[in-house]
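**Q** Once you know that position 303 of the sequence shown is 303 in UniProt numbering, the rest is easy, because the numbers rise by one and skip nothing. By construction, the Cβ of each residue, glycine as well, lies at the ideal position given by its N, Cα and C atoms. Everything numeric in this text was worked out from a predicted model, so none of it was measured.
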Amino acid sequence: MELLRDNVPMVSLSVTAAALYARFASSRLPPGLPRFAALLPVIAFFAVAPLAFSSSILRFVAGFFLGWLGTFKVALLAAGRGPLDPALPVVPFLFIAAFPVKLKGSDGGGGRRPAAASEGPLSRAVEVALLAAILRLYPFIHTLHRYVRYCAYGVHLYCLLNLLLPCTAAAGLALAGMELEMQFDRPYLSSSLREFWGRRWNLMVSAILRSAVYDPVRARVGRHARGHGVLPPPAPAHRRDGRLLPHPRRVLPRRGLVRAEVEGQGVAAAAAAGHVSASVGVHGGDHVLARLPADLPGWGRGDAAAGVGGRAGVLCRHRPKPAPVFY
1 MELLRDNVPM VSLSVTAAAL YARFASSRLP PGLPRFAALL PVIAFFAVAP
51 LAFSSSILRF VAGFFLGWLG TFKVALLAAG RGPLDPALPV VPFLFIAAFP
101 VKLKGSDGGG GRRPAAASEG PLSRAVEVAL LAAILRLYPF IHTLHRYVRY
151 CAYGVHLYCL LNLLLPCTAA AGLALAGMEL EMQFDRPYLS SSLREFWGRR
201 WNLMVSAILR SAVYDPVRAR VGRHARGHGV LPPPAPAHRR DGRLLPHPRR
251 VLPRRGLVRA EVEGQGVAAA AAAGHVSASV GVHGGDHVLA RLPADLPGWG
301 RGDAAAGVGG RAGVLCRHRP KPAPVFY
């Protein structure tokens, strides 16, 4: 009765009509401002559609499906990016527009990622048991410690989404034979916040953000900064791509990044080749953080110092004080 009272059938029909209009308009207009103007009513409708529900659970689900991911997908469709494509058949297009799913192998994620491991029946049973226990705990939730409540809310959100999203993937497989990507990859095994958000937790959200924000900004900034070989470090830390780098002495030679002391001939060769700008002020004896090409053998100090005057890209430099530096 609550579903009928909240007009779920009417909202579903409206979302279907809006998605069909988006598919028709995008198939007739090229990517750009005309397509964006034609799809702007669909974006506005997806943003306000969750307000049609009075139930907090339905409003949360619709806000995540439509107000958050749906608006981004339609906006990316206006630019010719994202998981939506007017060349898709009607049913897959509607399914991808209305639910947080993506076809396996599509380019909506903006990058390759390893396949997520599917969870077995035992994991699903544990999640159902945890969800039932937390729901039984809610009448007494205000008597618990604040951090215990936060942990309970987090586990509740994970179990709910991890049970709901695979159901949508199974429905897509049954209705249209679509093979959809997994939405979670065991986030409890994350070793860092970056791995948790970017590779394990709600992969559809990270894929949409990568395609809508990260890739365009990186492409624009990369073209602007392509001719610069050295980035001047603002005190007290060093900056690269908007991220603060630790002190060079704490950087380990991994992931192609090495720390080395610049030799005088390396700086002269780099300035002559145009890799290093003279206004940056890199001199012999400076400690630099350099990214070496993949074809250079070894990751020693000599390779990094020689690479400053050759093919290595210097990311930041640090001029040590006259006092000796101990590593």
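Would you mind sorting Pro-114 into buried or exposed? The rule is 16 or more other CB atoms within 10 Å of its CB.
**A** For the purposes of this step, residue 114 is taken as residue 114 along the sequence shown, with counting starting at 1. For Pro-114, the predicted model reports a pLDDT of 48, less than 50, meaning its position is unreliable; a value from the coordinates is still stated below. It is exposed - the Cβ of Pro-114 has fewer than 16 other Cβ atoms within 10 Å.
**Q** At the level of alpha carbons, what is the spacing between Pro-86 and Arg-149?
**A** Stepping through the sequence shown from its first residue, residue 86 is reached at position 86. Stepping through the sequence shown from its first residue, residue 149 is reached at position 149. Their backbone Cα atoms lie some 44 angstroms apart in a straight line.
**Q** If I follow the unbroken alpha helix (DSSP H) through Leu-46, where does it start and stop?
**A** Start at 1 with the first residue of the sequence shown, and residue 46 comes out as number 46. According to the sequence displayed, residue 46 carries Phe and not Leu. Residues 33-48.
**Q** Counting only the same chain and skipping the five closest in sequence on each side, list residues whose C-beta sits under 8 angstroms from that of residue 331.
**A** Only positions 1 to 327 of the chain appear in the structure, and residue 331 is not among them; the question remains open.
**Q** Identify which residue in Leu-173, Trp-201, His-142, Ser-190 has its Cα closest to the Cα of Cys-159.
**A** Here residue 159 is taken as the residue at index 159 of the sequence shown, counted from 1. Across the set Leu-173, Trp-201, His-142, Ser-190, the C-alpha of Trp-201 shows the shortest separation from the C-alpha of Cys-159.
**Q** Would you decide whether Val-213 is buried or exposed? Buried here means 16 or more other CB atoms lie within 10 Å of its CB.
**A** As a position in the sequence shown, residue 213 is number 213, starting the count at 1. Exposed, because fewer than 16 other Cβ atoms sit within 10 Å of the Cβ of Val-213.
**Q** Should the stretch 50-57 be regarded as contacting the stretch 83-102, the criterion being three or more beta carbon pairs within less than 8 angstroms?
**A** no
**Q** For the alpha helix (DSSP H) that Leu-137 lies in, which residues bound it at each end?
**A** Numbered from its first residue, the sequence shown carries residue 137 at position 137. Unbroken alpha helix (DSSP H) run through Leu-137: 121-137.
**Q** Once the 5 residues before and after Val-74 are set aside, which same chain residues still bring their CB inside 8 angstroms of it?
**A** Here residue 74 corresponds to residue number 74 of the sequence shown, with the count starting at 1. Only Ala-22, Leu-39, Val-42, Ile-43, Phe-46, Leu-84, Ala-97 meet the Cβ criterion.
**Q** Ordered along the chain, which non-local residues of its own chain (more than five positions away) have a Cβ less than 7 angstroms from that of Leu-165?
**A** The residue labelled residue 165 in the question sits at position 165 within the sequence shown. Within the same chain, Leu-165 has close Cβ partners Pro-100, Gln-183.
**Q** Is DSSP giving Arg-186 helix, strand or coil here?
**A** Numbered from its first residue, the sequence shown carries residue 186 at position 186. Coil, per DSSP.
**Q** Just how far apart, CA to CA, sit Phe-140 and Ile-134?
**A** Here residue 140 refers to the residue found at position 140 when the sequence shown is read from its first residue. Here residue 134 refers to the residue found at position 134 when the sequence shown is read from its first residue. Rounded to the nearest angstrom, the two C-alpha atoms are 10 angstroms apart.
**Q** Under the three-state reduction of DSSP, which class applies to Arg-81: helix, strand or coil?
**A** For the purposes of this step, residue 81 is identified with residue 81 of the sequence shown, where counting begins at 1. Three-state result, Arg-81: coil.
**Q** Going by the beta-carbon positions, is the gap between Ala-78 and Arg-35 smaller than 8 angstroms?
**A** Working through the sequence shown from its first residue, we reach residue 78 at position 78. Working through the sequence shown from its first residue, we reach residue 35 at position 35. In contact: Ala-78 and Arg-35 (Cβ atoms closer than 8 angstroms).
**Q** Name the residue from Leu-20, Gly-154, Pro-92, Ile-208 whose alpha carbon lies nearest to the alpha carbon of Ala-171.
**A** Taking the sequence shown and counting its residues from 1, one reaches residue 171 at position 171. Nearest option by C-alpha distance: Pro-92.
**Q** Should Met-204 and Leu-94 be called a contact, given that it needs their Cβ atoms to be closer than 8 angstroms?
**A** Along the sequence shown, one-based indexing puts residue 204 at 204. Along the sequence shown, one-based indexing puts residue 94 at 94. Not in contact: Met-204 and Leu-94 (Cβ atoms no closer than 8 angstroms).
**Q** In whole angstroms, what is the alpha-carbon distance linking residue 328 and Asp-185?
**A** Nothing in the structure corresponds to residue 328, since the chain is present only between 1 and 327.
**Q** Taking the beta carbon of Ser-26 as the centre, do at least 16 other beta carbons fall within 10 Å, making it buried, or is it exposed?
**A** Within the sequence shown, residue 26 is the residue found at index 26, counting from 1. The residue in question, Ser-26, is buried, as its Cβ has 16 or more Cβ neighbours within 10 Å.
**Q** Name the two residues that bound the continuous alpha helix (DSSP H) containing Ile-208.
**A** Here residue 208 refers to the residue found at position 208 when the sequence shown is read from its first residue. Ile-208 -> alpha helix (DSSP H) spans 203-209.
**Q** Might you give, ordered along the chain, the residues of its own chain that have their beta carbon closer than 7 angstroms to the beta carbon of Ala-62, omitting 5 neighbours on each side?
**A** As a working note, residue 62 is residue 62 in the sequence shown. Only Ala-49, Pro-50, Phe-53 meet the Cβ criterion.
**Q** Roughly how many angstroms lie between the CA atoms of Asn-162 and Ala-152, to the nearest whole one?
**A** Residue numbering aside, residue 162 sits at position 162 when the sequence shown is read from its first letter. Residue numbering aside, residue 152 sits at position 152 when the sequence shown is read from its first letter. Their Cα atoms are separated by approximately 15 angstroms.
**Q** In terms of residues, what are the limits of the alpha helix (DSSP H) holding Thr-16?
**A** Working through the sequence shown from its first residue, we reach residue 16 at position 16. In the DSSP assignment, Thr-16 falls within the alpha helix (DSSP H) that extends over 8-28.
**Q** I need the straight-line Cα distance from Leu-131 to Ser-206, nearest angstrom please.
**A** Your numbering for residue 131 matches position 131 in the sequence shown. Your numbering for residue 206 matches position 206 in the sequence shown. Spanning the two alpha carbons is a distance of roughly 25 angstroms.
**Q** Near Val-11, which residues of its chain fall below 7 angstroms by C-beta distance, leaving aside the five closest residues on each side in sequence?
**A** Here residue 11 refers to the residue found at position 11 of the sequence shown. Within the same chain, Val-11 has close Cβ partners Ala-49, Ala-52.
**Q** Looking only at its own chain, which residues have a Cβ that is under 6 angstroms from the Cβ of Phe-72, when we skip the five neighbours before and after it?
**A** Position 72 of the sequence shown, counted from the start, is the residue given in the question as residue 72. Counting only Cβ-Cβ distances below 6 angstroms, and skipping sequence neighbours, we find Ile-208, Ala-212.
**Q** CA-CA distance, Ala-17 and Leu-66?
**A** Locating residue 17 in the sequence shown gives position 17, counting from the first residue. Locating residue 66 in the sequence shown gives position 66, counting from the first residue. Taking the straight line from one Cα to the other gives about 14 angstroms.
**Q** Using the C-alpha atoms, what's the distance from His-142 back to Arg-199?
**A** Residue numbering aside, residue 199 sits at position 199 when the sequence shown is read from its first letter. Residue numbering aside, residue 142 sits at position 142 when the sequence shown is read from its first letter. Looking at the two C-alpha atoms, the distance is approximately 33 angstroms.
**Q** Specify the secondary structure class of His-156 as computed by DSSP and reduced to three states.
**A** Counting from one through the sequence shown, the residue named residue 156 turns up at place 156. Three-state DSSP puts His-156 in a helix.
**Q** For the putative contact between Leu-76 and Gly-82, defined by C-beta atoms under 8 angstroms, what is the C-beta separation to the nearest angstrom?
**A** The residue labelled residue 76 in the question sits at position 76 within the sequence shown. The residue labelled residue 82 in the question sits at position 82 within the sequence shown. About 3 angstroms separates the two Cβ atoms, so the contact holds.
**Q** Are the CB atoms of Pro-9 and Gly-80 nearer to each other than 8 angstroms?
**A** The residue you call residue 9 lines up with position 9 of the sequence shown. The residue you call residue 80 lines up with position 80 of the sequence shown. Not closer than 8 angstroms, so no.
**Q** Output needed for Leu-13: all residues of its chain with C-beta closer than 6 angstroms, excluding positions within five of it in sequence on either side, in chain order.
**A** Within the sequence shown, numbered from 1, the residue matching residue 13 stands at position 13. Closer than 6 angstroms at the Cβ level, and outside the excluded window around Leu-13, lies no residue.
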